[in-house]
Amino acid sequence: MMGLRLSRLALASLALFGAMSATACQREVKITVQALPASSEFDITQGGQSLCVPGLHVTDITSKEPRRWDIVQTTEASKAGICTHRFVYGVAPDGYATTSATAPPLVAGHRYKVSVSGHGLVGQTEFVAR
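Residue 736 is where the sequence shown starts when you use this note's numbering, and the numbers rise one by one after that.
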């Protein structure tokens with residue numbers, strides 16, 4: 736019984752160490768939002784430097800609807816080194832694809848969460864659509 740407890744303790748310690756290591760590998764990014772009438776622009780930087788962003792997600796958190804717009808870098812673009820750090824809501828830049836044919840219009844007064852993920856990048860911010 737004592738051996739079983741030690742094993743569980745050892746496994747729990749390894750899991751905690753793994754979670755801490757994974758968190759240490761993530762790089763926090765800054766998301767600057769320029770809310771415009773009927774659209775918004777997003778600029779992602781880290782320490783004032785532009786970087787290659789593999790995915791961006793915009794969620795309407797006022798209405799609690801599922802994710803409104805997802806955009807991801809294509810495999811081909813990633814291999815070719817095509818990337819960006821600037822996005823305009825509803826527009827897929829070269830080398831990126833969206834999860835839907837068109838992005839639903841932003842609703843004035845609604846609060847949105849913008850998040851970035853992938854390749855060790857993490858970050859999020861909120862804005863109110865105009």
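For glycine and all other residues, C-beta sits at the position ideal for the given N, C-alpha and C.
Here DSSP, grouped into helix, strand and coil, assigns LYS814 to helix. Non-local beta-carbon contacts of VAL823 in its own chain, meaning distances under 7 Å to residues more than five positions away in sequence, involve SER774, GLU776 in chain order. Residue state for HIS854 is assigned as coil, using DSSP reduced to three classes.
For LEU771, the uninterrupted beta strand (DSSP E) run begins and ends at 765-771, by DSSP. The beta carbon of ALA812 is closer than 6 Å to those of GLY830 in its chain, skipping five residues each way along the sequence. The count of Cβ pairs closer than 8 Å, one atom from the segment 794-804 and one from the segment 758-767, stays below three, leaving the stretches out of contact. With respect to the 8 Å criterion, LEU856 and TYR847 are not classified as neighbours on the basis of their beta carbons. In the structure shown, the three-state DSSP call for SER798 is coil.
Assignment of HIS845 by DSSP, reduced to helix, strand and coil, places it in the coil class. Straight through space, the alpha carbons of ALA770 and PRO839 are spaced by roughly 16 Å. The distance from the Cβ of ILE806 to that of THR837 is about 12 Å, inconsistent with a contact at the 8 Å cut-off.
Excluding sequence positions up to five before and after HIS820, its CB lies within less than 6 Å of the CB of ILE779, SER785, LEU786, VAL788, all in the same chain and listed in chain order.
In the DSSP annotation of this structure, the continuous segment of the beta strand (DSSP E) that includes TYR831 starts and ends at 831-833.
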